[in-house]
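Listed in order, the protein sequences are those of chains A and B.
At the far end of the first sequence sits residue 142, using this note's numbering, and the numbering has no gaps.
At the far end of the second sequence sits residue 284, using this note's numbering, and the numbering has no gaps.
Here a beta-carbon is modelled for each residue, glycine too, at the ideal position from N, C-alpha and C.
Quick caveat: nothing in here was measured; it's all calculated off a predicted structure.
Read through the structure below, which is laid out as structure tokens, and then see the notes.
Protein chains: 2
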Amino acid sequence: MGLKEKLAGLNKKGSTLTIQRNAVLEYLYENRTHPTVEEIYHSLKEKFSTISKATIYNTLEFLKNHGLIHEITIEKGKLRFDYEVKPHHHFFCHKCKHVYDVDVEGCPLAEKKMIDGHKIEELRPYIIGICSKCLQKKKDSW
Amino acid sequence: MGLKEKLAGLNKKGSTLTIQRNAVLEYLYENRTHPTVEEIYHSLKEKFSTISKATIYNTLEFLKNHGLIHEITIEKGKLRFDYEVKPHHHFFCHKCKHVYDVDVEGCPLAEKKMIDGHKIEELRPYIIGICSKCLQKKKDSW
DNA sequence: TTCTTGACTTAGAATCATTCTAATTTTAAA
DNA sequence: TTTAAAATTAGAATGATTCTAAGTCAAGAA
Numbered sequence: 001m002g003l004k005e006k007l008a009g010l011n012k013k014g015s016t017l018t019i020q021r022n023a024v025l026e027y028l029y030e031n032r033t034h035p036t037v038e039e040i041y042h043s044l045k046e047k048f049s050t051i052s053k054a055t056i057y058n059t060l061e062f063l064k065n066h067g068l069i070h071e072i073t074i075e076k077g078k079l080r081f082d083y084e085v086k087p088h089h090h091f092f093c094h095k096c097k098h099v100y101d102v103d104v105e106g107c108p109l110a111e112k113k114m115i116d117g118h119k120i121e122e123l124r125p126y127i128i129g130i131c132s133k134c135l136q137k138k139k140d141s142w
Numbered sequence: 143m144g145l146k147e148k149l150a151g152l153n154k155k156g157s158t159l160t161i162q163r164n165a166v167l168e169y170l171y172e173n174r175t176h177p178t179v180e181e182i183y184h185s186l187k188e189k190f191s192t193i194s195k196a197t198i199y200n201t202l203e204f205l206k207n208h209g210l211i212h213e214i215t216i217e218k219g220k221l222r223f224d225y226e227v228k229p230h231h232h233f234f235c236h237k238c239k240h241v242y243d244v245d246v247e248g249c250p251l252a253e254k255k256m257i258d259g260h261k262i263e264e265l266r267p268y269i270i271g272i273c274s275k276c277l278q279k280k281k282d283s284w
């Protein structure tokens, strides 16, 4: 979904589109690197010197609850966020700590609404390993 | 894999089977509820009053690195651990914070060693939603 | 426009989870 | 036994997230 479309959805009764919320969503739109909260905060702080970390957290929670962004819990102890909400897999390299998007066809859960009587709201298919770049680095060092 | 089998594997050169490590592994064997670090610590503290949280963390890391247990990062901000290392899905209920085991047949990643040039070491297929019990509670309150 | 009310933002404190440190204890091997 | 390496311990330090209370802003009513 485009940025304008998402922003428009926020400007309805019950929710306010503030410059901070605009800035966070725009940052995620432009940075598809699955940034951490700290990265988002640090970058926005340059533009908006008074922006608070609490606002970053509140806004990310707000955007998540409106289904506009996804939370990623692939790395222990810290949150990352993703502008893309269409179902896709994430690959985490435990060497360089990068998160890669991966497309996997034929997931049997893709269209399911329920499993074992539980209501499915979101899929978080994570893959852990060593990424192609780090594999190459290792080869080079031989 | 049985508990004895896992314990035996630890008693080889390069690794020591201490009573603390024994206790942590045994706790996970007996408690398949995907406990948090705090839960493990709190419970073991009753048996071994001097056991340290650092030991819990060290031991969990040690057992994980030996492939005997799995780390679960399904809930933001805290680690959980699983005695079962055979591939299976986890369902997290964001109402009651329980983690359920779920079997999903036909995962296209099941046998894959590589994807997009990245080396796959571990799959963490997480599902988020509302569990059957919490759905029932909601119905009851109507 | 001005007023009012509720929603949002802010800075910093508080909390919670995890890691680090340095001292002590335990273990395995000589 | 003795010794050296490995493991454990208590508590401090760090890092991430949440909370708090005060101040600011925005949208609708008068």
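Would you list the one or two residues that DSSP bridges to residue i?
i, result
"histidine 123(A)", "The question names histidine, yet the displayed sequence has leucine at residue 123(A). Answer is Ile269(B), bridged to leucine 123(A)."
"threonine 178(B)", "Arg222(B)"
"histidine 118(A)", "Ile115(A)"
In the DSSP assignment, find the unbroken alpha helix (DSSP H) run with residue i in it and report its ends.
i, result
"phenylalanine 48(A)", "That residue, phenylalanine 48(A), is in no alpha helix (DSSP H); it is neither H nor E in DSSP."
"glutamate 147(B)", "145-152"
"cysteine 134(A)", "132-140"
Does DSSP classify residue i as helix, strand or coil?
i, result
"tyrosine 183(B)", "helix"
"arginine 163(B)", "helix"
"isoleucine 214(B)", "strand"
"threonine 197(B)", "helix"
"lysine 64(A)", "helix"
"leucine 251(B)", "coil"
What distance in whole Å lies between the Cβ atoms of residue j and residue i, which are believed to be in contact at a cut-off of 8 Å?
i, j, result
"leucine 152(B)", "leucine 159(B)", "4 Å"
"isoleucine 216(B)", "phenylalanine 234(B)", "4 Å"
"leucine 202(B)", "valine 179(B)", "7 Å"
"isoleucine 262(B)", "isoleucine 127(A)", "6 Å"
"glycine 106(A)", "proline 250(B)", "4 Å"
"alanine 150(B)", "lysine 189(B)", "Their Cβ separation, rounded to whole angstroms, is 22 Å, which puts alanine 150(B) and lysine 189(B) out of contact at 8 Å."
Cα separation between residue i and residue j?
i, j, result
"phenylalanine 223(B)", "lysine 12(A)", "42 Å"
"threonine 192(B)", "asparagine 200(B)", "15 Å"
"isoleucine 198(B)", "histidine 88(A)", "34 Å"
"tyrosine 100(A)", "threonine 33(A)", "8 Å"
"cysteine 238(B)", "isoleucine 214(B)", "17 Å"
"leucine 167(B)", "leucine 44(A)", "44 Å"
"arginine 21(A)", "proline 35(A)", "16 Å"
"proline 125(A)", "aspartate 103(A)", "11 Å"
"glutamate 172(B)", "isoleucine 182(B)", "11 Å"
"asparagine 65(A)", "leucine 28(A)", "16 Å"
"lysine 77(A)", "serine 274(B)", "A quick correction: the sequence has glycine, not lysine, at residue 77(A). Answer to the nearest angstrom: the Cα atoms are 28 Å apart."
"lysine 281(B)", "lysine 53(A)", "38 Å"
"serine 157(B)", "aspartate 116(A)", "40 Å"
"histidine 240(B)", "leucine 79(A)", "20 Å"
"methionine 256(B)", "leucine 265(B)", "12 Å"
"lysine 112(A)", "isoleucine 161(B)", "45 Å"
"leucine 277(B)", "methionine 143(B)", "34 Å"
"histidine 90(A)", "phenylalanine 204(B)", "25 Å"
"histidine 236(B)", "lysine 6(A)", "25 Å"
"tyrosine 225(B)", "histidine 118(A)", "23 Å"
"serine 283(B)", "alanine 252(B)", "41 Å"
"glycine 67(A)", "lysine 279(B)", "25 Å"
"histidine 184(B)", "histidine 42(A)", "37 Å"
What first and last residue would you give for the beta strand (DSSP E) that runs through residue i?
i, result
"aspartate 101(A)", "99-102"
"aspartate 82(A)", "80-82"
"cysteine 235(B)", "231-235"
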